[in-house]
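This report refers to the structure that appears directly beneath it.
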Amino acid sequence: MSNYRPRAVEYTVLNNPTKRQKFAEATKFHAIDILYECPKCGAERVYTWPFPSQVTLFKDQCCDEWVEFIPGDEKQ
């Protein structure tokens, strides 16, 4: 049975646009770098969000948990 239970995760924007040149060029400088915590163990994680105006969902390799980033849910 899958552990597919996405959790909306709060994040902090580190770089806007991303410092990763290939991502920046491929997304016409829309990609951003974000910092977030693994929802299971609390470890700090960094992700390059290619299209931050759209919801992103993926399985994080840290604890094999599904995470979801929602535009505008960043920490203030």
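Going by my numbering, the sequence shown opens with residue 50, and the numbers climb by one from there. Each residue gets a CB set at the ideal place from its N, CA and C atoms; glycine is no exception.
Residue environment analysis places residue 104 among the exposed positions, since fewer than 16 neighbouring C-beta atoms fall within 10 angstroms of its C-beta.
The continuous beta strand (DSSP E) containing residue 117 extends over residues 115-118. When rounded, the separation of the alpha-carbon atoms in residue 116 and residue 75 is 23 angstroms. DSSP places residue 107 in the strand class (E or B) of the three-state scheme.
In the three-state reduction of the DSSP assignment, residue 74 falls in the helix class, which pools H, G and I.
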